[in-house]
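Going by this note's numbering, the first residue of the sequence shown is number 13, and it counts up by one from there.
Cβ coordinates follow ideal geometry from the N, Cα and C atoms, glycine included.
Input: a single structure, listed below in structure tokens.
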Amino acid sequence: MTTVVTGATLIDGTGADPITGASVVIEDGRIAAVGSIDALPGDADVIDVGGATVMPGMIDSPAHPTGPPTPFQPRPLPPPTHNRRARAATARATLEAGFTLVRDAGGTPVGFKLAAERGLIAAPRMRLAIVALSQTGGHGDGTMPSGGRLGGDRGPEWPEHICDGPDEVRKTVRTVLRAGADFIKLHATGGVLSPSDEPGSPQFTQEEIAIMVYEARMHGKTCMSHAQATEGIKNALHAGVESIEHGFYLDDEAIAIMKAQDSFLVPTLHAPRSVVLNAEASPESVLPQSLRKAHEVIEANARSFRAAHEAGVKVAMGTDCGVGTHGTNAWELELMVEHGMTPMEAIVATTKTAAECCHVDTDIGTLEPGKLGDLIVVDGDPLADVTVLQQRERICMVMQGGEIAVDRIGG
13 MTTVVTGATL IDGTGADPIT GASVVIEDGR IAAVGSIDAL PGDADVIDVG GATVMPGMID
73 SPAHPTGPPT PFQPRPLPPP THNRRARAAT ARATLEAGFT LVRDAGGTPV GFKLAAERGL
133 IAAPRMRLAI VALSQTGGHG DGTMPSGGRL GGDRGPEWPE HICDGPDEVR KTVRTVLRAG
193 ADFIKLHATG GVLSPSDEPG SPQFTQEEIA IMVYEARMHG KTCMSHAQAT EGIKNALHAG
253 VESIEHGFYL DDEAIAIMKA QDSFLVPTLH APRSVVLNAE ASPESVLPQS LRKAHEVIEA
313 NARSFRAAHE AGVKVAMGTD CGVGTHGTNA WELELMVEHG MTPMEAIVAT TKTAAECCHV
373 DTDIGTLEPG KLGDLIVVDG DPLADVTVLQ QRERICMVMQ GGEIAVDRIG G
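Next comes the structure, spelled out in structure tokens:
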């Protein structure tokens, strides 16, 4: 059960300089040795990658891995059986793009994760929120003025997620944890895609969010927050939320709190741009107010990202794909580089830091002895041109736990 990937230019995910002519030795699914290795095991299955780049599998924290294959489909959802197949297809598209783990930001049931873990479907590893908590009328409340509810009754694997006041919030968090959530996801502000609120609108009180954080901690877990408005971001941070998703309207005080608390920013530069692209491709599929909001937040999003990065806030890569098209996740690295990161910093944000944000850094995120053999082989140098990671045909191989999940080397 020994596999050696050799002849590689190694980017190990730690931020260290690349090593040419490197090898990665994987025994029983875990890395036994990595770097310049003189004597390779004689009984190993050797894969010579001919100078291609080997790096850790990328991590998207967060996305919606079982969202629709094409965002904002104007047609009705397909019948349940076909809908399940579509979910499997979106997860595979993400895996084939070189992402070996995704932190779900809401929408993925625990049964789907179990199917992936048991090898029934090809998918990234998953860390689940299952549902995202929302106040009545908040960003995650799909109830329309007519009284109908978008999404309807999705089934028993998705607990009710609308809650108001301390008692309801406490019970809802406990119910979501019972359903198998790895994180508690909450909406601390309005958003772009919700029809009747604004990104600058705070939602949930600091008291309500603090209850979510407390209940999650009692299970050894943490909270992640959709947070775009300045006040809502601070409410989440003061209540102890660990990661801020989007962070469109950060100010100096919010950045200082994030630094002091060692919080993560997941900027999702991909998401509002994807709303605009989808509106251009299918105008009837995006509400006019959502398109207006997307245009309004794009520059604020980039400005906040730049300020946070320059201040030394920990940035974990995340796209919110499901808003954007699955498989385009690596566009986020190009956007992070465009707005101030070096290619190496963007790669570290997508591997090491993202693994820390997802609480899986003891097992994945860097190529180091003892960690799982989750890696990708890239035809090209992402440090010279980070956009190479967006070209699926140049993600030559994807490994999970030393097992080949995607093989374009062998055809």
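Item                                                                                                                              : Value
Own chain partners of Gly352 with C-beta closer than 6 Å, once the 5 adjacent residues on each side are dropped                   : Arg318 and His321
CB-CB length for Leu249 against Ala222, believed under 8 Å                                                                        : So it is not a contact: roughly 11 Å between Cβ atoms.
Euclidean distance between Cα positions of Pro214 and Lys246                                                                      : 10 Å
Coil, strand or helix - Pro91 by DSSP                                                                                             : Any reading at Pro91 must be qualified, since the residue scores a pLDDT of 46, below 50, and its modelled position is unreliable; the value itself is stated next. Three-state DSSP puts Pro91 in coil, outside helix and strand.
Closest residue to Phe260 among Gly252, Leu277, Glu254 and Val253 (Cα-Cα distance)                                                : Leu277
Separation of Asp40 from Lys305, as counted between CA atoms                                                                      : 49 Å
C-alpha distance - Thr399 paired with Gln218, whole-angstrom precision                                                            : 40 Å
Status (buried if at least 16 other CB within 10 Å, exposed otherwise) for Thr32                                                  : exposed
Within the stretch 134-196, ranges of the beta strand (DSSP E) (whole runs, at least 3 residues)                                  : 137-139
Residues that Gln412 bridges to, as DSSP identifies them                                                                          : Glu415
Beta-carbon proximity check, Met70 vs Ile388, cutoff 9 Å                                                                          : yes
Contacts around Gln147, its chain only, beta-carbon distance under 6 Å, and the 5 residues preceding and following it disregarded : Asp176, Gln215 and Phe216
Bridge partners - Phe276, DSSP secondary structure assignment                                                                     : Ser255 and Lys326
Whole-number beta carbon distance between Thr331 and Asp72, since they are thought to touch under 8 Å                             : 5 Å
Beta carbon of Gly150 nearer than 9 Å to that of Ser206                                                                           : yes
Residues near Arg115 by beta carbon distance below 6 Å, same chain, minus five either side                                        : Ser73, Pro74, Arg139 and Cys370
Residue burial classification, Ala396 (beta-carbon count within 10 angstroms, cutoff 16)                                          : exposed
Cutoff 6 Å; reference His282; Cβ partners in own chain excluding five residues on either side                                     : Thr331, Gly336, Trp343 and Glu344
Beta-carbon proximity list for Arg406, same chain, < 7 Å, skipping 5 on both sides                                                : Val390, Asp391, Gly392 and Val400
Among Lys271, Val181, Met67 and Ala366, the one whose alpha carbon lies nearest that of Met224                                    : Val181
Distance between beta carbons of Ala117 and Glu311, contact taken as under 8 Å                                                    : The pair is not a contact, with the Cβ atoms about 23 Å apart (cut-off 8 Å).
Status (buried if at least 16 other CB within 10 Å, exposed otherwise) for Gly334                                                 : buried
The beta strand (DSSP E) enclosing His371, as first and last residue numbers                                                      : Where His371 is concerned, there is no enclosing beta strand (DSSP E), given that its DSSP letter is neither H nor E.
Alpha helix (DSSP H) runs wholly inside the stretch 326-355, at least 4 long, in chain order                                      : 343-350
Own chain partners of Thr363 with C-beta closer than 6 Å, once the 5 adjacent residues on each side are dropped                   : Gly25, Pro68 and Gly377
Assigned secondary structure, His250 (DSSP; H/G/I helix, E/B strand, else coil)                                                   : helix
Whole-angstrom distance between Lys197 and Val288, CA atom to CA atom                                                             : 25 Å
Beta-carbon proximity list for Arg104, same chain, < 6 Å, skipping 5 on both sides                                                : Ala134
Phe124, enclosing alpha helix (DSSP H) - first and last residue                                                                   : Val122 to Glu129
For Arg42, the residue or residues it bridges with in DSSP                                                                        : Glu39 and Leu384
Straight-line gap, Gly152 to Phe111 (C-alpha atoms, nearest Å)                                                                    : 26 Å
Residues near Ser316 in its chain [Cβ-Cβ closer than 7 Å; skip 5 each side]                                                       : Gly259, Phe260, Tyr261 and Leu262
Closest residue to Glu308 among Gly154, Gly324, Gly212 and Gly413 (Cα-Cα distance)                                                : Gly212
Minimum C-alpha distance to Val36 - residue among Ala328, Met411, Ala100 and Ala417                                               : Met411
Contiguous alpha helix (DSSP H) assignments of at least 4 residues, all confined to the stretch 280-315                           : 282-293
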